Amino acid sequence: AQSVTQPDIHITVSEGASLELRCNYSYGATPYLFWYVQSPGQGLQLLLKYFSGDTLVQGIKGFEAEFKRSQSSFNLRKPSVHWSDAAEYFCAVGPSSNTGKLIFGQGTTLQVKP
Amino acid sequence: NAGVTQTPKFQVLKTGQSMTLQCAQDMNHNSMYWYRQDPGMGLRLIYYSASEGTTDKGEVPNGYNVSRLNKREFSLRLESAAPSQTSVYFCASSELTKGFSSPPDVFGPGTRLTVL
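These protein sequences, in sequence, are chains A and B.
Numbering-wise (my numbering), the first sequence opens with residue 1 and increments by one.
Numbering-wise (my numbering), the second sequence opens with residue 1001 and increments by one.
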């Protein structure tokens, strides 16, 4: 079955510290992978996406993610977290065909300590 | 340029009532989507429309209908609301890129629906 797992429901980091949010997927074909961020009371915003090629992808707001096929993972990283990064983060996987059928993980809530 | 707009922002219904959630985008995107978001479950696709005049079921279509009125507008209708449809509903859009759909990259602010 196709699924996305974000093992950490809630993470707290200090401002300025590095961040890694984990995402593992189960998908039969070559997946397209995405990370979204949702600020309180807002809709989702696409941070970055992986279709093919270089397995390290850069996104907006200083985020990056690395695709590791052998581990079925697509972890999100940021070298130095800012207070404004506090939000909920969603990993998603989709088919490489002409549809928008994304499967989302349950989300990870990031809290940033001053 | 307003992006994706949704109306209403909040709605309370009684079981059995009907309503239509409206969504419009002004980015000339081809694809539009309706998702619902429930605590601990992430987002689940209800229906999507790859282009004007086409609609397809997503993961959880039961109890819903959609209409792609034109390229800009994609509405979601609940014919007989049930408490299980209490949720936050998001509309999203994307453009075709290089022969395949981009993921939904612009989301509306959401409609918070409560069914009593």
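Note that CB positions come from ideal geometry on N, CA and C, so glycine has one too.
Predicted model only: the values in this text are computed from it and were never measured.
- A:E88 counts as buried, since no fewer than 16 other beta carbons sit within 10 angstroms of its beta carbon.
- Taking the Cβ atoms as the reference, A:V37 lies roughly 12 Å from A:A92, outside the contact range of under 8 Å.
- A direct Cα-to-Cα measurement between A:C23 and B:G1042 gives close to 13 Å.
- In this structure, the alpha-carbon of B:D1038 lies about 26 Å from that of A:W83.
- Annotation for A:A86: L110, Q111 and V112 place their beta carbon closer than 7 Å to its own, counting only its chain and skipping 5 residues before and after.
- Look at B:M1041: its C-beta is under 8 Å from a C-beta on chain A.
- DSSP places A:I11 in the strand class (E or B) of the three-state scheme.
- Secondary structure of B:D1056 (DSSP, three-state): strand.
- When DSSP states are grouped into helix, strand and coil, A:R69 belongs to the helix group.
- Judged by DSSP in its simplified three-state form, A:G94 adopts strand.
- Taking a C-beta distance under 8 Å as the contact criterion, B:P1104 and B:Y1033 qualify as a contact pair.
- When only Cα atoms are considered, B:K1071 and B:Q1011 end up about 26 Å apart.
- Shown here, A:K61 sits in a helix according to DSSP, grouped into three states.
- Leaving aside the five residues that flank B:A1082 on each side, the residues in its chain whose CB is nearer than 7 Å to its CB run, in chain order, T1015, G1063 and V1115.
- For the region 1038-1069 of chain B, the residues whose beta carbon sits under 8 Å from a beta carbon of chain A are, in order, G1040, M1041, G1042, L1043, R1044, L1045, Y1048, A1050, D1056, G1058 and E1059.
- For the beta strand (DSSP E) assignment, the uninterrupted runs of no fewer than 3 residues enclosed by the region 1064-1104 of chain B are, from N- to C-terminal side, 1064-1068, 1074-1078 and 1087-1094.
- Residues N75 and R77 of the same chain have their beta carbon placed closer than 6 Å to that of A:E20, with the five preceding and five following residues left out of the count.
- Counting of Cβ neighbours within 10 angstroms places B:S1093 among the buried residues, the total reaching 16 or more.
- Per DSSP, the continuous beta strand (DSSP E) segment holding B:Q1037 begins and ends at S1031 to Q1037.
- Pairing B:R1044 with B:E1059, the inter-Cα distance amounts to about 6 Å.
- Using a Cβ distance threshold of 8 Å, A:G107 and B:G1110 do not count as a contacting pair.
- With distances taken between CA atoms, B:G1003 lies nearest to B:H1029 out of B:A1050, B:H1029 and B:T1055.
- For the pair B:S1031 and B:S1051, the CB atoms are nearer than the 8 Å cut-off.
- The bridge partners DSSP lists for A:K78 are A:L19.
- In the DSSP assignment, A:Y25 forms a beta bridge with A:V4.
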